[in-house]
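A.B. asks: The opening residue of the sequence shown carries number -4 in the working numbering; numbering runs sequentially from there.
Beta carbons: idealized from backbone N, C-alpha and C, even for Gly.
Here the structure is a predicted model, which means the values were calculated and not measured.
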Amino acid sequence: GGADEFFTGLLEKVEALETFGGDDPLSAPIAVATTKRYLDDPERYVRLRELISSIGRETRDKLFGEGRFPPNWGLETGQISVDKESLLEEMRRRVISYERICEPAIGAMAAGGYYAREHQARAFGEMLELVGSPPNQAGYILSQLRDLRVFPALLLLYAGGVAATATGNFPFLRALLRDAMFTDRFEETGPVALTVHPWVIDGHDDIRVALFPDRRTYEPTSQRLFDTLREPLGEYLPLDVGYQKAFHEFEVLRALTFVDIKKRQPDYRGWVPLGRFAVLHKRGRLEESALRTLRAEYQEQLALWAPLAGGLLDSAAAGWDSDDTVDYNFKIVESMISEERYL
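(1) Hey, how far is the Cα of F221 from the Cα of L82?
(2) Tell me whether the beta-carbon of P268 lies closer than 8 Å to the beta-carbon of P208.
(3) Looking only at its chain, what residues have a beta carbon closer than 6 Å to the beta carbon of V254, apart from the 5 residues adjacent to it on each side?
(4) I'd like the span of the alpha helix (DSSP H) that includes G156, first residue to last.
(5) Considering only residues of the same chain and omitting the five flanking positions on each side of K57, which have a CB-CB separation below 6 Å?
(6) How big is the Cα-Cα spacing for P24 and D262?
(7) Excluding sequence positions up to five away, which residues of its chain have a Cβ less than 7 Å from the Cβ of R52?
(8) Could you spell out where the beta strand (DSSP E) holding F59 opens and where it closes?
(9) Rounded to whole angstroms, what's the CA-CA distance from I91 to T223? Just pull it up for me.
(10) Between Q239 and chain B, is any beta-carbon pair separated by less than 8 Å?
(11) In the DSSP assignment, find the alpha helix (DSSP H) that holds T29 and state where it starts and stops.
(12) Under the rule that 16 or more other beta-carbon atoms within 10 Å means buried, what is S217, buried or exposed?
(13) Is the distance from the Cβ of R89 to the Cβ of L143 below 8 Å?
(14) What is the rounded straight-line gap between the Cα of M331 and the Cα of K277?
(15) Pick helix, strand or coil for P37, following the three-state DSSP scheme.
(16) Pick helix, strand or coil for F15, following the three-state DSSP scheme.
(17) What does T184 pair with, by DSSP beta-bridge criteria?
(18) Would DSSP call K258 helix, strand or coil?
(19) To the nearest angstrom, how far is the alpha carbon of D201 from that of G102?
(20) Less than 8 Å between the CB atoms is what I'm expecting for A105 and Y231, so what's the real figure, rounded?
(21) Using the Cβ count rule (16 or more neighbours within 10 Å means buried), how would you classify A298?
(22) Of the residues E226, G198, L228, G229, which one's Cα is nearest the Cα of E214?
(23) Please report the straight-line C-alpha distance between L70 and A188, rounded to a whole angstrom.
(24) Who are the Cβ neighbours of R42 in its own chain at under 8 Å, not counting the five residues just before and after it?
(25) With 16 other CB atoms within 10 Å as the buried threshold, where does E85 fall?
(26) CB L21 to CB P99, shorter than 8 Å?
(27) Looking at Y109: is its Cβ nearer than 8 Å to the Cβ of A161?
(28) Give the range of the alpha helix (DSSP H) segment to which Q296 is assigned.
(29) Work out the CA separation of R219 and R55 for me, nearest whole Å.
(30) If you run the structure through DSSP and keep just helix, strand and coil, what is D209?
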C-alpha cells in the first residue's frame, strides 16, 4: 500500500544519502522514520548502526568542520578581549545553530531512547561520542565558546535520556551515561555522566544573559534543554505533565549516576551538578519533586528498583552495602540542592 511505497521511496532516498553528499542532508523526519524502521527489525542491526553513525558523522562535520564556528572568534586580529555584547550575540547564534544542526540526531536519539532494545543501544552511545567530543580544543581561546561546544552533546544526551526514562529503558540510559565516553575541556576522557552536564556551560555567568536576556533563570542550560526538546519529544510524551516528569526524573538519574561513578574516587568531595529538577525540589510542592518520587520508589523496592536492576546504578560497589550505596547517592544530591540559592 501507500505506506510501503512511501518507505521504499524513503529507503532509496536514504541509500542515496548514505554518503551524505551535497546539499541534501538527512532531514529530521527522514532520520526519525528510518531509525524507527531499523529499530523495529532486530535483524537489521548493521543497517541501524550505519545509519546512526552516518547521522552522527554528518552532525559532527557541521558542528566542528572548518570555518563555521571559528575557535578564535573575536580574537582573529590578535586583540586580547572582545566586546561583551558581541560575545553574547555570538553565544546566542551558536546555541540556535547547534539546535538546528542537531535536529536529525535529536530525532534519531529520541526514537532510540523510546524503542531501542538492549543490543541496539550501543549504536546511540557511539553517536553521542561522535557529536560529543569536539576535535582538539587548543584553538579555543574564549572559554565561553569552548564550553558551549558541550551543548550539542547535551541535546543528544537529554533527547535520548528523557525518552528512555519515560519508557524505563535503563540499558539505553546506561549506554549513554556510563558506557559512552566524552573528552572534556581539560582533555580528560571519562563517562558522559561525569563530563556532559548543564553546569559545564552554566559556569559562565554570561550564558544566562545570552539565553534568557529578559529574566533571571536558575539552571539556564537545563531550562533551555527543557524548552528546546519539548517539541521533538512530543511524539512520545504528548502531555506536558508526562514530559515534565520524564525530563526531571532523567536529570535525577543523571545526578545519581554522577555520584555513583565519582564516589569510587578517593578524593571525591560530594559535589554533583544539578538541573531544573533541583529548583522544583527546593521551591515546588512536594509531589512535584522527581527526586522525592524516585527516592520513595527506591526505598520501597531496594535491590529490585529498576535503575539498579537495569544496570544504570551499580550496586556492587566494593565495600558498600548495595542499599546504602544508593541511599548515599540520594543524600549527596539532596545536600547539594540545600546549598544552592534558588530564591
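C.D. replies: Checking against the coordinates, here is how it stands:
(1) Taking the sequence shown and counting its residues from 1, one reaches residue 221 at position 226. Taking the sequence shown and counting its residues from 1, one reaches residue 82 at position 87. The straight-line gap from Cα to Cα measures roughly 24 Å.
(2) One-based indexing of the sequence shown puts residue 268 at position 273. One-based indexing of the sequence shown puts residue 208 at position 213. Cβ atoms of P268 and P208: not closer than 8 Å.
(3) As a first step, residue 254 is located in the sequence shown; it is residue number 259 there, counting from the start. Closer than 6 Å at the Cβ level, and outside the excluded window around V254, lie V267, N324, I327.
(4) The count along the sequence shown starts at 1 and reaches residue 156 at position 161. Looking at the DSSP string, the run of the alpha helix (DSSP H) that includes G156 is 146 to 162.
(5) Position 62 of the sequence shown holds residue 57. So the qualifying residues of the chain are I96.
(6) On the sequence shown, residue 24 is found 29 positions in, with the first residue counted as 1. On the sequence shown, residue 262 is found 267 positions in, with the first residue counted as 1. One Cα belongs to P24, the other to D262, and the distance between them is close to 46 Å.
(7) Locating residue 52 in the sequence shown gives position 57, counting from the first residue. Short of 7 Å from the beta carbon of R52, and not among the five residues preceding or following it, lie these beta carbons of its own chain, in chain order: L125.
(8) Translated into the one-based positions of the sequence shown, residue 59 becomes position 64. DSSP places F59 outside any beta strand (DSSP E); the residue lies instead in the alpha helix (DSSP H), whose first and last residues are 40 to 59.
(9) Here residue 91 corresponds to residue number 96 of the sequence shown, with the count starting at 1. Here residue 223 corresponds to residue number 228 of the sequence shown, with the count starting at 1. Between the alpha carbons of I91 and T223 lies a gap of roughly 10 Å.
(10) Absent from the structure: chain B. Only one protein chain is present.
(11) Within the sequence shown, residue 29 is the residue found at index 34, counting from 1. In the DSSP assignment, T29 falls within the alpha helix (DSSP H) that extends over 23 to 34.
(12) Position 222 of the sequence shown holds residue 217. Buried is the call here.
(13) Position 94 of the sequence shown, counted from the start, is the residue given in the question as residue 89. Position 148 of the sequence shown, counted from the start, is the residue given in the question as residue 143. Contact flag set, yes.
(14) Position 336 of the sequence shown, counted from the start, is the residue given in the question as residue 331. Position 282 of the sequence shown, counted from the start, is the residue given in the question as residue 277. When the Cα atoms are used, M331 and K277 turn out to be separated by approximately 11 Å.
(15) Stepping through the sequence shown from its first residue, residue 37 is reached at position 42. The answer is helix: DSSP assigns P37 an H, G or I state.
(16) As a working mapping, residue 15 is identified with position 20 in the sequence shown. Because the pLDDT at F15 is just 41, under 50, the model does not fix this residue reliably, and the point stays unresolved.
(17) Walking along the sequence shown from the start, residue 184 turns up at place 189. The partner list for T184 (beta bridge, DSSP) reads T178.
(18) If you number the sequence shown from 1, residue 258 lands on position 263. Per DSSP, reduced to three states, the secondary structure at K258 is coil, with no helix or strand assignment.
(19) Position 206 of the sequence shown, counted from the start, is the residue given in the question as residue 201. Position 107 of the sequence shown, counted from the start, is the residue given in the question as residue 102. One Cα belongs to D201, the other to G102, and the distance between them is close to 29 Å.
(20) For this step, residue 105 is matched to residue 110 along the sequence shown. For this step, residue 231 is matched to residue 236 along the sequence shown. With 8 Å as the limit, A105 and Y231 qualify as a contact, their Cβ atoms being about 6 Å apart.
(21) Residue numbering aside, residue 298 sits at position 303 when the sequence shown is read from its first letter. Per the 10 Å Cβ criterion, exposed.
(22) By 1-based counting over the sequence shown, the position of residue 214 is 219. Closest by alpha carbon: G198.
(23) For the purposes of this step, residue 70 is taken as residue 75 along the sequence shown, with counting starting at 1. For the purposes of this step, residue 188 is taken as residue 193 along the sequence shown, with counting starting at 1. For L70 and A188, the distance between alpha carbons rounds to 33 Å.
(24) Position 47 of the sequence shown, counted from the first residue, corresponds to residue 42. Once the five neighbours on either side are set aside, the close Cβ partners of R42 are Y33.
(25) The residue labelled residue 85 in the question sits at position 90 within the sequence shown. Under the 10 Å beta carbon count, E85 is surrounded by 16 or more other beta carbons and is classified as buried.
(26) Counted from its first residue, the sequence shown places residue 21 at position 26. Counted from its first residue, the sequence shown places residue 99 at position 104. It is a contact, given that the beta carbons lie within the stated cut-off.
(27) Taking the first residue of the sequence shown as position 1, residue 109 is located at position 114. Taking the first residue of the sequence shown as position 1, residue 161 is located at position 166. At the C-beta level, Y109 and A161 come within 8 Å of one another.
(28) Numbered from its first residue, the sequence shown carries residue 296 at position 301. DSSP places Q296 inside the alpha helix (DSSP H), whose first and last residues are 285 to 296.
(29) Here residue 55 corresponds to residue number 60 of the sequence shown, with the count starting at 1. Here residue 219 corresponds to residue number 224 of the sequence shown, with the count starting at 1. Spanning the two alpha carbons is a distance of roughly 21 Å.
(30) Numbered from its first residue, the sequence shown carries residue 209 at position 214. Taken through DSSP and simplified to helix, strand or coil, D209 comes out as coil.
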